[in-house]
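Engineer:
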Amino acid sequence: MRLFSSVNDVQDVDALAKEALALKASPFAYQQLGKNKTICLVFLNPSLRTRLSTQKAAQNLGMNVIVLNIDKEGWALELQDGAVMNGTSVEHIKDAAAVMGEYADIIGLRSFPGLKDRDEDYSEAIFNKFVKYCNVPVVSLESATRHPLQSLADLVTIEEFKTKLRPKVVLTWAPHIKALPQAVPNSFAEWMCKANVDFVITHPEGYELNRDFTQGATITNDQDEALIDADFVYVKNWSAYELYGKVLPGNDDWMLTLDKLKATNNAKVMHCLPVRRNVELSDEVLDSESSVVIHEAGNRVWAAQAVLKQMLESL
Amino acid sequence: MRLFSSVNDVQDVDALAKEALALKASPFAYQQLGKNKTICLVFLNPSLRTRLSTQKAAQNLGMNVIVLNIDKEGWALELQDGAVMNGTSVEHIKDAAAVMGEYADIIGLRSFPGLKDRDEDYSEAIFNKFVKYCNVPVVSLESATRHPLQSLADLVTIEEFKTKLRPKVVLTWAPHIKALPQAVPNSFAEWMCKANVDFVITHPEGYELNRDFTQGATITNDQDEALIDADFVYVKNWSAYELYGKVLPGNDDWMLTLDKLKATNNAKVMHCLPVRRNVELSDEVLDSESSVVIHEAGNRVWAAQAVLKQMLESL
Amino acid sequence: MRLFSSVNDVQDVDALAKEALALKASPFAYQQLGKNKTICLVFLNPSLRTRLSTQKAAQNLGMNVIVLNIDKEGWALELQDGAVMNGTSVEHIKDAAAVMGEYADIIGLRSFPGLKDRDEDYSEAIFNKFVKYCNVPVVSLESATRHPLQSLADLVTIEEFKTKLRPKVVLTWAPHIKALPQAVPNSFAEWMCKANVDFVITHPEGYELNRDFTQGATITNDQDEALIDADFVYVKNWSAYELYGKVLPGNDDWMLTLDKLKATNNAKVMHCLPVRRNVELSDEVLDSESSVVIHEAGNRVWAAQAVLKQMLESL
Chain A
103 MRLFSSVNDV QDVDALAKEA LALKASPFAY QQLGKNKTIC LVFLNPSLRT RLSTQKAAQN
163 LGMNVIVLNI DKEGWALELQ DGAVMNGTSV EHIKDAAAVM GEYADIIGLR SFPGLKDRDE
223 DYSEAIFNKF VKYCNVPVVS LESATRHPLQ SLADLVTIEE FKTKLRPKVV LTWAPHIKAL
283 PQAVPNSFAE WMCKANVDFV ITHPEGYELN RDFTQGATIT NDQDEALIDA DFVYVKNWSA
343 YELYGKVLPG NDDWMLTLDK LKATNNAKVM HCLPVRRNVE LSDEVLDSES SVVIHEAGNR
403 VWAAQAVLKQ MLESL
Chain B
103 MRLFSSVNDV QDVDALAKEA LALKASPFAY QQLGKNKTIC LVFLNPSLRT RLSTQKAAQN
163 LGMNVIVLNI DKEGWALELQ DGAVMNGTSV EHIKDAAAVM GEYADIIGLR SFPGLKDRDE
223 DYSEAIFNKF VKYCNVPVVS LESATRHPLQ SLADLVTIEE FKTKLRPKVV LTWAPHIKAL
283 PQAVPNSFAE WMCKANVDFV ITHPEGYELN RDFTQGATIT NDQDEALIDA DFVYVKNWSA
343 YELYGKVLPG NDDWMLTLDK LKATNNAKVM HCLPVRRNVE LSDEVLDSES SVVIHEAGNR
403 VWAAQAVLKQ MLESL
Chain C
103 MRLFSSVNDV QDVDALAKEA LALKASPFAY QQLGKNKTIC LVFLNPSLRT RLSTQKAAQN
163 LGMNVIVLNI DKEGWALELQ DGAVMNGTSV EHIKDAAAVM GEYADIIGLR SFPGLKDRDE
223 DYSEAIFNKF VKYCNVPVVS LESATRHPLQ SLADLVTIEE FKTKLRPKVV LTWAPHIKAL
283 PQAVPNSFAE WMCKANVDFV ITHPEGYELN RDFTQGATIT NDQDEALIDA DFVYVKNWSA
343 YELYGKVLPG NDDWMLTLDK LKATNNAKVM HCLPVRRNVE LSDEVLDSES SVVIHEAGNR
403 VWAAQAVLKQ MLESL
């Protein structure tokens with residue numbers, strides 16, 4: 103594997119999930135693979151789970167890890183081709199990416215969307231320029247429109263907890279006070295559409311996701327109906343795609359509560375974290391036996407390790 | 103050892119100090135112990151000595167080290183249980199702690215007091231919540247009311263330099279321009295009260311420490327008297343406990359000088375650093391043969407390594 | 103080698119460049135040398151290439167690496183001897199340096215000039231105090247007036263690309279919108295003056311460098327003339343030395359273009375990066391076959407590794 107930016111970069115989704123579970127059983131079985139290999143984790147935005155789990159995964163594989171918060175430790179990046187750089191940006195992304203490729207065998211990159219210009223965000227300008235110029239394999243640590251390591255960890259978690267061959271998985275929109283990216287729901291949707299699950303998305307009117315990510319999903323504005331007999335409920339806020347990056351008024355009653363969960367098939371509740379307690383989900387849900395959010399976060403290690411293992415094997 | 107938050111977590115203080123000195127003699131003797139183990143050092147506040155010495159100690163033991171300045175690299179933490187998180191905090195400490203416990207075998211945590219609400223600070227709310235939810239052993243890298251790795255390094259330093267079985271150790275308040283926590287003097291006091299020393303605390307009126315930490319100490323407002331025949335003088339500023347977090351006017355003459363040291367038994371001068379030169383201590387003291395502050399800082403490695411070794415042995 | 107702060111610390115410049123190229127051919131040949139040794143990379147200013155390449159070099163040698171952005175993670179440093187520290191600085195550099203020396207076998211330090219007080223900058227006050235007090239070998243990661251790891255990488259790059267025994271190397275001033283240090287041109291000049299090259303410096307009037315660094319160089323204000331038959335063109339902006347730290351009006355036509363390159367002997371174009379595209383150099387130059395700037399940045403690893411290897415051998 104030379105690139106991990108979406109589910110489309112994965113040849114066999116089921117096999118990758120199984121590899122993650124195998125690594126979870128034997129975390130240190132491939133330490134020779136990463137010996138004398140360096141991964142550079144580059145962050146243009148904050149990170150907790152992604153940073154720690156990917157660093158852990160790489161170290162489990164015997165790699166050296168260099169973490170660079172480039173927004174704080176490095177130089178402000180110029181993104182426009184042909185720019186006359188007489189402003190505040192100090193280095194062009196094409197030069198920064200090419201240089202980092204000189205120092206790393208694999209690069210991980212996190213870059214959030216601006217949520218101002220939909221075309222720019224959905225063109226994945228930053229991520230794709232980085233990939234183009236760095237000349238080494240790149241793993242997405244969440245880009246403008248996708249968060250594939252999260253989605254792989256989510257799939258692994260569903261594999262572990264499912265009690266039937268084809269569970270019902272419901273992605274439900276949740277309230278939030280800030281405008282959040284669509285990266286997690288986009289990514290979760292495109293992974294679920296390739297998995298052996300019945301996949302339902304429910305959200306208030308106006309929060310339709312880009313249809314490129316939801317082919318094959320059942321989509322409804324009726325949360326109550328969607329939750330019926332669900333085996334997994336994936337809770338997540340996102341801002342509007344049509345009225346791009348906007349938070350629409352109302353919809354506070356979309357918070358997931360224990361009461362709403364009664365209609366499900368004793369569903370496991372998932373969330374990528376961080377979660378706004380008592381806004382997106384109630385405390386009573388998060389602190390109940392139904393919640394698997396911490397376990398799910400733990401699976402981020404094995405998802406990252408499976409991807410890095412395949413990348414190391416391709417070097 | 104599953105927790106290192108105060109002297110009360112230590113079964114045998116003398117044995118731990120001796121272990122630190124043994125590790126100083128053979129720093130790399132236990133590298134197999136930490137193999138494939140990860141410590142996550144989490145900072146909510148700045149750090150120099152603690153960060154470097156603990157990272158070094160962990161690496162000496164063969165551990166992988168992940169450093170996270172969570173205040174800068176991660177998300178703003180919510181501390182109140184039951185909060186409706188519609189404000190600026192992004193993640194609840196109970197979730198962040200639980201997640202980090204998924205990625206680490208041991209966690210080190212630094213969190214300073216707010217110095218606004220004494221009850222809150224002295225309840226060690228942040229530190230204790232972290233311990234409660236992270237589910238792995240935790241070592242304090244300085245909490246609201248204690249700095250036990252510093253105190254252990256101080257004890258080790260006294261062991262190295264003492265010339266009699268039971269030396270006289272004087273903790274003397276020193277001036278400062280800012281309101282500082284009571285963590286270092288609290289912690290030093292409770293360690294000294296368990297050590298084989300004659301322990302005297304001297305400070306201006308109004309700077310009384312919480313009595314829970316000073317049981318067994320002689321306490322006086324007369325600095326000159328306290329210093330007589332001292333073998334060790336430990337210099338430190340702290341803000342008031344009664345008028346909580348306040349700097350009281352006056353007391354500039356409490357700065358330690360070479361002249362004041364004449365009354366001592368050729369005492370060694372200690373300080374946890376960073377030190378405000380010519381405010382807390384004069385240059386002439388810090389740059390004299392009497393000062394052991396750099397040596398003392400060096401001992402932070404062996405203190406941390408002794409604690410981490412015992413934690414690794416308990417995993 | 104106990105100190106690497108300038109070319110004057112190097113016994114045999116050619117031999118060091120050859121060592122760098124040997125390490126490039128066998129990056130992991132000396133991993134036992136750095137085992138259980140710790141380098142602490144201390145940054146008072148941002149860094150991309152220097153941070154990553156030095157970290158990589160140290161890891162190639164088997165060292166443990168601790169990175170400290172002391173300006174962000176640590177305490178504000180006091181630089182004046184004898185200061186009464188009742189202001190904003192928290193720790194004196196002499197104490198911070200001495201403490202770090204307790205935790206590191208080698209220290210790397212980056213500290214930029216203030217560009218306000220020429221005497222202070224050119225006395226290398228910060229760097230030299232650090233060296234004086236830390237008590238372990240120190241490698242400059244760029245100081246107020248020099249950037250020797252960059253210069254060694256530049257020399258290595260010239261060695262790789264030269265097609266004649268004694269190539270012509272031209273350092274040409276380039277426009278910029280900000281006042282930049284003289285560290286890179288100073289350092290490049292003093293390394294080139296010791297190398298087997300014909301060395302020419304060209305810059306607009308008013309941008310004369312300190313003559314201490316340029317002994318043996320041909321210096322001219324005529325860029326066109328300087329470029330004739332050049333084998334290497336090293337492009338770099340710097341602020342004025344005489345009108346210290348100033349950007350003088352005009353000189354925008356000093357940007358290097360493909361057209362100007364025609365006069366050269368098919369010269370390779372070098373730059374230390376980061377580069378302001380279309381201000382210092384045109385896109386067409388940077389994106390042409392003539393540019394070796396990324397390759398040059400890659401050589402930073404081998405330059406650092408050669409220096410660290412010699413330091414480790416002297417421990």
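Chains as they are written, first to last, in the numbering used here: chain A, 103 to 417; chain B, 103 to 417; chain C, 103 to 417.
For glycine and all other residues, C-beta sits at the position ideal for the given N, C-alpha and C.
Roughly how many whole angstroms lie between the Cα atoms of D354 (chain A) and D385 (chain A)?
Structural biologist: Between D354 (chain A) and D385 (chain A), the C-alpha separation is close to 16 Å.
Engineer: From the beta carbon of G176 (chain A), is the nearest beta carbon of chain C less than 8 Å away?
Structural biologist: Chain C contact via Cβ: present.
Engineer: What does A159 (chain A) reach in chain C if we use C-beta pairs closer than 8 Å?
Structural biologist: What A159 (chain A) touches in chain C: nothing, since even the nearest Cβ is about 18 Å away.
Engineer: For a test of the three-state rule: what should DSSP assign to F214 (chain C), helix, strand or coil?
Structural biologist: The answer is coil: DSSP assigns F214 (chain C) none of H, G, I, E or B.
Engineer: Kindly list, in the order they appear in chain A, the residues whose Cβ is closer than 9 Å to that of L375 (chain C).
Structural biologist: The contacting residues are E193, D197, A198, V201.
Engineer: With DSSP run on the structure shown, which of helix, strand or coil describes I228 (chain A)?
Structural biologist: In the structure shown, I228 (chain A) sits in a helix (DSSP, three-state: H, G or I).
Engineer: Below 7 Å CB to CB, which residues in the same chain sit around L163 (chain B) once its five sequence neighbours on both sides are set aside?
Structural biologist: These residues qualify, in order along the chain: Y132, Q133, L135, G136, Q407, L410, K411, L414.
Engineer: Mind checking whether the beta-carbon of V371 (chain A) lies closer than 7 Å to any heavy atom of the ligand SAH?
Structural biologist: Inclusion of the ligand SAH in the displayed structure is not the case, the ligand content being empty and no account of it being possible.
Engineer: Quick check on DSSP: helix, strand or coil for F315 (chain C)?
Structural biologist: F315 (chain C) falls in the helix class under three-state DSSP.
Engineer: Near L118 (chain A), what residues of its chain come up, given a Cβ to Cβ distance below 8 Å and the 5 sequence neighbours on each side ignored?
Structural biologist: Result list for L118 (chain A): V112, L254, A408, V409, Q412, in chain order.
Engineer: Just checking: is the beta-carbon of G164 (chain C) within a distance shorter than 8 Å of some beta-carbon in chain B?
Structural biologist: No - not a single Cβ of chain B is within 8 Å of the one on G164 (chain C).
Engineer: Could you check whether the Cβ of A399 (chain A) sits closer than 8 Å to any Cβ belonging to chain B?
Structural biologist: It does; some Cβ of chain B falls within 8 Å.
Engineer: Can you give me the Cβ contacts of A199 (chain A) inside the same chain, cut-off strictly under 6 Å, excluding the 5 residues immediately before and after it?
Structural biologist: F232, Y235, C236, listed in sequence order.
Engineer: Pull the bridge partners of K370 (chain A) from the DSSP assignment, please.
Structural biologist: A:F334.
Engineer: Does DSSP put L254 (chain C) in a helix, a strand or coil?
Structural biologist: In this structure, L254 (chain C) counts as helix in the three-state DSSP scheme.
Engineer: In three-state DSSP terms, what is E262 (chain B)?
Structural biologist: Here E262 (chain B) sits in helix by DSSP.
Engineer: Within 10 Å of its beta-carbon, does A130 (chain C) have 16 or more other beta-carbons around it, so buried, or fewer, so exposed?
Structural biologist: Contrary to the premise, residue 130 (chain C) reads as Phe rather than Ala in this sequence. Counting Cβ neighbours within 10 Å, F130 (chain C) comes out exposed, since fewer than 16 surround it.
Engineer: Taking the beta strand (DSSP E) that S242 (chain A) belongs to, which residues open and close that run?
Structural biologist: 240-242 is the extent of the beta strand (DSSP E) around S242 (chain A).
Engineer: Determine which residues of the segment 116-150 of chain C have a Cβ less than 9 Å from any Cβ of chain A, and write them out in chain order.
Structural biologist: Under the 9 Å Cβ criterion, the segment 116-150 of chain C contributes P129, F130, Q133, F145, P148, S149, L150.
Engineer: With a CB to CB cut of under 6 Å and the five nearest residues on each side skipped, what residues in its chain are close to E180 (chain C)?
Structural biologist: So the qualifying residues of the chain are M187, S191, H194.
Engineer: Quick one: measure Cβ to Cβ for L417 (chain A) and D207 (chain A), integer angstroms, because I've assumed they're closer than 8 Å.
Structural biologist: About 6 Å separates the two Cβ atoms, so the contact holds.
Engineer: Give the DSSP-derived three-state secondary structure of N138 (chain B) in the structure shown.
Structural biologist: Of the three classes helix, strand and coil, the one that applies to N138 (chain B) here is coil, per DSSP.
Engineer: Would you say L211 (chain A) faces chain C, with C-beta separation under 8 Å as the test?
Structural biologist: Output row for L211 (chain A): interface = no.
Engineer: Give every residue of the same chain whose Cβ lies closer than 7 Å to the Cβ of M202 (chain C), excluding the five residues on either side of it in the sequence, and list them in chain order.
Structural biologist: These residues qualify, in order along the chain: C142, V144, I209, C236.
Engineer: Suppose contacts are defined by Cβ-Cβ distances below 8 Å. Is P215 (chain C) in contact with P283 (chain C) by that definition?
Structural biologist: In contact: P215 (chain C) and P283 (chain C) (Cβ atoms closer than 8 Å).
Engineer: Which residue or residues does DSSP assign as beta-bridge partners of H194 (chain A)?
Structural biologist: Beta-bridge pairing links H194 (chain A) to A:E180.
Engineer: Buried or exposed: which applies to L211 (chain B), given that a residue is buried once 16 or more other Cβ atoms fall within 10 Å of its Cβ?
Structural biologist: Classification for L211 (chain B): buried.
Engineer: Verify whether the separation of the beta carbon atoms of L329 (chain A) and A365 (chain A) is less than 8 Å.
Structural biologist: Result yes, Cβ atoms of L329 (chain A) and A365 (chain A) sit closer than 8 Å.
Engineer: Please classify T316 (chain B) as buried or exposed, where buried requires at least 16 other C-beta atoms within 10 Å of its C-beta.
Structural biologist: Buried, by the Cβ-count rule.
Engineer: Span of the alpha helix (DSSP H) holding W275 (chain C)?
Structural biologist: Here W275 (chain C) belongs to no alpha helix (DSSP H); instead the beta strand (DSSP E) covers 270-275.
Engineer: With a threshold of 8 Å between beta carbons, is M357 (chain B) in contact with chain A?
Structural biologist: For M357 (chain B), the answer is no, since every Cβ of chain A falls outside 8 Å of its Cβ.
Engineer: Starting from the Cα of I321 (chain A), find the closest Cα among A:F334, A:V302, A:K126 and give me that residue.
Structural biologist: The shortest C-alpha separation from I321 (chain A) is found at A:V302.
Engineer: Less than 8 Å between CB atoms is the rule here; does S279 (chain C) satisfy it with respect to chain A?
Structural biologist: Rather than Ser, the amino acid found at residue 279 (chain C) in this sequence is Ile. Yes, I279 (chain C) lies at the interface with chain A (some Cβ there is under 8 Å from its Cβ).
Engineer: Taking the C-alpha atoms as reference points, what is the distance between S107 (chain A) and H249 (chain A)?
Structural biologist: In a straight line, the C-alpha of S107 (chain A) is about 8 Å away from that of H249 (chain A).
Engineer: Please compile the residues from chain B whose C-beta is within a distance smaller than 9 Å of the C-beta of V186 (chain C).
Structural biologist: Residues of chain B passing the Cβ test: R378, R379, N380, V381.
Engineer: In whole angstroms, what separates the C-alpha of P165 (chain C) from that of M165 (chain B)?
Structural biologist: Here the sequence assigns Met to residue 165 (chain C), which means Pro is not the residue at that position. Approximately 14 Å between the Cα atoms of the pair.
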